[in-house]
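Colleague: Right, I'll just put the structure down here and ask away after.
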């Protein structure tokens with residue numbers, strides 16, 4: 411007789427054993443999650459322990475786990491048993507997005523998407539990242555505090571647009587206007603139940619649909635232009651790679667799948683990275699000795715401390731605070747808990763990042779903790795884990811490293827004694843409440 415333990419398939423159903431949790435009506439649960447889900451999850455963790463059950467307004471009955479070992483079991487589970495969370499970001503990004511796929515289809519799509527964002531391919535974007543950073547910081551004010559979140563959003567958006575489409579033009583100018591509004595609205599709406607109808611174009615869901623229709627029109631024009639390019643075979647942008655790539659069986663992505671996937675890359679490829687960079691500047695400006703070390707390093711060819719500093723920011727100021735799965739097996743055992751079919755399982759990334767066993771004195775901001783070794787893949791989780799780990803993590807790491815290096819080579823960030831900024835929930839992501847404000851002086 412077998413049972414579902416740590417994601418292995420079962421033929422029998424062990425008795426359901428759920429962790430304790432609050433018995434809240436769905437309307438109250440939605441109100442509390444919408445108001446401040448991070449504070450709510452922290453409170454529930456303190457009250458019920460490392461695992462608890464809630465009636466999520468989005469995912470229905472859901473078990474939260476906040477320990478690295480349980481996260482490992484969730485992320486290594488058979489995706490046929492513990493698969494894609496339902497509902498997921500595909501209701502915003504489209505049914506052709508990788509977020510909509512599960513099992514074999516998900517693996518096929520990831521294999522198709524991975525090459526442009528790994529290995530030698532990702533190094534081709536270095537010049538684009540530096541160019542866009544230099545363009546943005548050219549007119550930064552000196553001696554006056556300013557928010558870094560908006561500049562970081564512009565840098566990351568322009569980088570991902572050039573990486574995906576490989577050119578400039580009126581269509582990309584329109585996307586620069588539309589995408590930030592679309593991403594901001596979509597990020598908020600994805601944390602709410604989806605209505606049966608949009609109730610007109612002036613409602614939030616109606617606006618989202620209208621912007622999506624405009625995106626489809628722009629994309630059709632861009633695809634036609636790329637296909638007609640006599641230099642098509644030599645292009646290296648992501649759109650060209652998707653248009654020319656095929657699965658192992660010789661089939662290609664449909665036009666809709668390409669559109670949904672590119673929108674996924676555009677949305678996921680700039681907001682979270684920009685939010686993290688705003689936190690990077692917010693944190694570093696409060697540690698003058700570290701800033702001196704980082705400036706000296708930036709003037710050379712090394713990046714060990716810079717990468718460690720970014721990693722520590724990703725831990726202490728986690729932008730995406732959970733990763734979710736859905737139970738498809740009759741039941742699945744995670745640790746001591748036996749969770750039945752239909753339940754959601756959420757890994758509390760923010761809580762795991764505060765685990766004192768993995769990160770002694772977890773409230774302390776200390777990039778040097780990474781110089782003597784790295785935490786395990788289930789203790790440090792800014793990109794999630796398992797088969798659904800963010801496929802663009804290598805690209806994001808490179809981008810953040812080069813943006814910070816470029817800024818430090820051209821500016822001195824003035825230390826501040828102001829209290830650290832509180833977090834602000836923007837739907838999916840958490841940003842500095844005041845935008846990651848810093849004051850800089852241009853270096854001689």
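Residue numbers (the working numbering): 411 to 854.
Each residue gets a CB set at the ideal place from its N, CA and C atoms; glycine is no exception.
In this text, all values refer to a predicted model and were calculated from it rather than measured experimentally.
Is there a Cβ from chain D that is less than 8 angstroms from the Cβ of residue 638?
Modeller: The question asks about chain D, but that chain is absent: this structure has only one protein chain.
Colleague: Could you give the DSSP three-state label for residue 842: helix, strand or coil?
Modeller: strand
Colleague: List the DSSP bridge partners of residue 492.
Modeller: 737
Colleague: Here's a check: name, in chain order, each residue in its chain whose Cβ is nearer than 6 angstroms to the Cβ of residue 653, leaving out the five neighbours to either side.
Modeller: none
Colleague: What residue from 823, 840, 854, 830 has the CA that sits closest to residue 553's CA?
Modeller: 823
Colleague: Please classify residue 528: does DSSP put it in a helix, a strand, or coil?
Modeller: Three-state DSSP puts residue 528 in coil, outside helix and strand.
Colleague: So, at 8 angstroms on beta carbons, what are the nonlocal neighbours of residue 851 in its own chain, with the 5 sequence-adjacent residues on each side left out?
Modeller: 552, 553, 821, 822, 824
Colleague: For residue 417 and residue 696, what's the separation of their Cα atoms in angstroms?
Modeller: Confidence in residue 417 is poor, its pLDDT being 47 and thus under 50, which makes the residue's placement too unreliable to answer from.
Colleague: Out of 807, 634, 430, 558, which has the shortest C-alpha to C-alpha gap to residue 581?
Modeller: When the alpha-carbon of residue 581 is set against those of 807, 634, 430, 558, the nearest one is in 634.
Colleague: Got a sec, what are the start and stop residues for the alpha helix (DSSP H) residue 719 sits in?
Modeller: 714–726
Colleague: Quick check: the segment 501–509 against the segment 786–794, are there 3 or more CB pairs under 8 angstroms?
Modeller: no
Colleague: Pick out the complete beta strand (DSSP E) segments inside the segment 552–613, 3 residues or longer, and give them in chain order.
Modeller: none
Colleague: Can you have a look at residue 687 and say buried or exposed, based on whether 16 or more other CB atoms are within 10 angstroms of its CB?
Modeller: buried
Colleague: With distances taken from CA atoms, which of 708, 703, 651 is nearest residue 531?
Modeller: 651
Colleague: Hey, how far is the Cα of residue 766 from the Cα of residue 604?
Modeller: 38 angstroms
Colleague: By the 10 Å Cβ neighbour count, where 16 or more other Cβ atoms means buried, how is residue 840 classified, buried or exposed?
Modeller: buried
Colleague: Residue 780 by DSSP, collapsed to three states: which one?
Modeller: helix
Colleague: Kindly provide the ranges of any alpha helix (DSSP H) runs that are 4 or more residues long and lie completely inside the segment 684–718, ordered along the chain.
Modeller: 698–708
Colleague: For residue 798, does the three-state DSSP call read helix, strand or coil?
Modeller: Secondary structure of residue 798 (DSSP, three-state): helix.
Colleague: Determine the burial state of residue 853: buried for a count of at least 16 other Cβ atoms within 10 Å of its Cβ, exposed for fewer.
Modeller: exposed
Colleague: Report all residues from its chain with a CB closer than 8 angstroms to the CB of residue 729; omit the five preceding and five following residues, and keep chain order.
Modeller: Closer than 8 angstroms at Cβ, skipping near neighbours: 682, 685, 686, 689, 792, 839, 840, 841.
Colleague: Quick one: complete alpha helix (DSSP H) runs, 4+ long, within the segment 629–654?
Modeller: 648–654
Colleague: So, with DSSP's three-state summary, where would you put residue 679?
Modeller: In the structure shown, residue 679 sits in coil (DSSP, three-state: anything other than H, G, I, E or B).
Colleague: Whose C-beta lies closer than 8 angstroms to the C-beta of residue 776 among residues of the same chain, with five residues either side of it excluded?
Modeller: 722
Colleague: Using the three-state DSSP reduction, which class does residue 805 fall into: helix, strand or coil?
Modeller: helix
Colleague: Are the Cβ atoms of residue 797 and residue 489 separated by less than 8 angstroms?
Modeller: In this structure, residue 489 lies closer than 8 angstroms to residue 797 by Cβ.
Colleague: Hey, residue 559 and residue 846 are a contact pair by Cβ (cut 8 angstroms); roughly how many whole angstroms apart?
Modeller: The C-beta distance from residue 559 to residue 846 rounds to 5 angstroms, short enough to meet the 8 angstroms contact threshold.
Colleague: Between the C-alpha atoms of residue 707 and residue 741, what's the straight-line distance to the nearest angstrom?
Modeller: 51 angstroms
Colleague: Could you pull the start and end residues of the beta strand (DSSP E) that residue 756 belongs to?
Modeller: 754–758
Colleague: In its own chain, which residues sit with a C-beta less than 7 angstroms from the C-beta of residue 732, not counting the 5 before and 5 after it?
Modeller: Spatial neighbours of residue 732 in its own chain (CB-CB distance under 7 angstroms, excluding positions within 5 residues in sequence) are listed in chain order as 756, 757, 758, 759.
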